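If you read the sequence shown in UniProt numbering, its first letter stands for residue 1, the second for the next number, and so on. Using N, Cα and C, we set each Cβ at its ideal position, and we do this for glycine too. These figures come from a predicted structure and were not determined experimentally. Below is one structure; the comments refer to it alone.
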Amino acid sequence: MTLCGLLASNSDHNGTKGARLARKVLVLGDGACGKTSMLFVLIKHEFPQAYEPTVFENYVHIMQPSAPNGPSVELTLWDTAGQEEFDKLRSLSYADTHVVVLCFSVDNPVSLENVETRWMPEIRDHCPGVKIVLVALKCDLRDTKTPRLTYNDGVEVAKRIRASRYLECSAKMNRGVNEAFVEIANVAMGSRAKALMDKVSGALWDPEWSLATAENPSSSMRP
């Protein structure tokens, strides 16, 4: 059986200052929803000018979570193909995953619908019990007059799928991307995950927890 989030890396340490933890993060979502652009901006600090469908890409990125004097986290980021023809191949990527980053695009309502109808069943099948972070992408498109999915649309789905975080960012504008991965690193370490899960599952949902830029609201993608 696939083990998800249960195996500690050999490089893990017991919270020693200056130590580094290793965590695997699997990035999922519909094709063309913006997953690769988000990772490209995080890793290479530039926005890709042309769309090229991803089959599979792996990146390693060091993050410093928000806990004072806490260890840094080495995130192994698995960028996956969202197209259905890669379903069988993608299923092989779930092993030893600590966090699934589940993405949708605010300009594509179907991509949010698929979070519940397509992606969550696949996650439950291949990686039951894994921590999930729901991320809204292309949030800069809300600046146009065309109707887009709202912040609250994402929050409602995050509640239903019991996500550990709901985050929003724009890769094109480089707004909220790094902040989102600080929160993803926190979840990967188990930081505050249970407390937030309790909020998501009931009436105590606190939107302030779900901001990618909770420490810097002026740069948040929240409307």
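*Do you know how far the Cα of W119 is from the Cα of R175?*
Along the sequence shown, one-based indexing puts residue 175 at 175. Along the sequence shown, one-based indexing puts residue 119 at 119. R175 and W119: Cα-Cα distance of roughly 25 Å.
Requested in this report: Please say whether V182 and S66 have beta carbons closer to each other than 7 Å?
Outcome: Position 66 of the sequence shown, counted from the first residue, corresponds to residue 66. Position 182 of the sequence shown, counted from the first residue, corresponds to residue 182. The answer is yes: Cβ separation under 7 Å.
Would you report the Cα separation of M63 and F104, rounded to the nearest angstrom?
For this step, residue 63 is matched to residue 63 along the sequence shown. For this step, residue 104 is matched to residue 104 along the sequence shown. The alpha-carbon atoms of M63 and F104 are separated by roughly 23 Å.
Problem set entry | C-alpha gap between S170 and D140, whole angstroms | In the sequence shown, counting from the first residue as 1, residue 170 sits at position 170. In the sequence shown, counting from the first residue as 1, residue 140 sits at position 140. One C-alpha to the other measures close to 6 Å.
> Does the distance from the CB of residue 228 to the CB of R165 come in under 7 Å?
Replying inline: Outside the shown range of the chain (1 to 223) lies residue 228, about which nothing can therefore be said.
### Query
Got a sec? Which residues, its chain only, sit under 8 Å from T76 by beta carbon, not counting five neighbours each side?
Sequence index remark: in the sequence shown, residue 76 carries index 76 (1-based). Cβ within range, chain order: A22, R23, K24, V25, N58, Y59 and V60.
Q. Buried or exposed: which applies to P128, given that a residue is buried once 16 or more other Cβ atoms fall within 10 Å of its Cβ?
A. Stepping through the sequence shown from its first residue, residue 128 is reached at position 128. The residue in question, P128, is exposed, as its Cβ has fewer than 16 Cβ neighbours within 10 Å.
* C-alpha distance - E168 paired with V99, whole-angstrom precision -> The count along the sequence shown starts at 1 and reaches residue 168 at position 168. The count along the sequence shown starts at 1 and reaches residue 99 at position 99. Their Cα atoms are separated by approximately 17 Å.
Select from D96, C4, E116 and V27 the residue whose C-alpha is nearest the C-alpha of T80. Position 80 of the sequence shown, counted from the start, is the residue given in the question as residue 80. Nearest of D96, C4, E116 and V27 to T80, Cα basis: V27.
Contacts around I161, its chain only, beta-carbon distance under 8 Å, and the 5 residues preceding and following it disregarded: For this step, residue 161 is matched to residue 161 along the sequence shown. Hits under 8 Å: L102, V115, E116, M120, I132 and L134.
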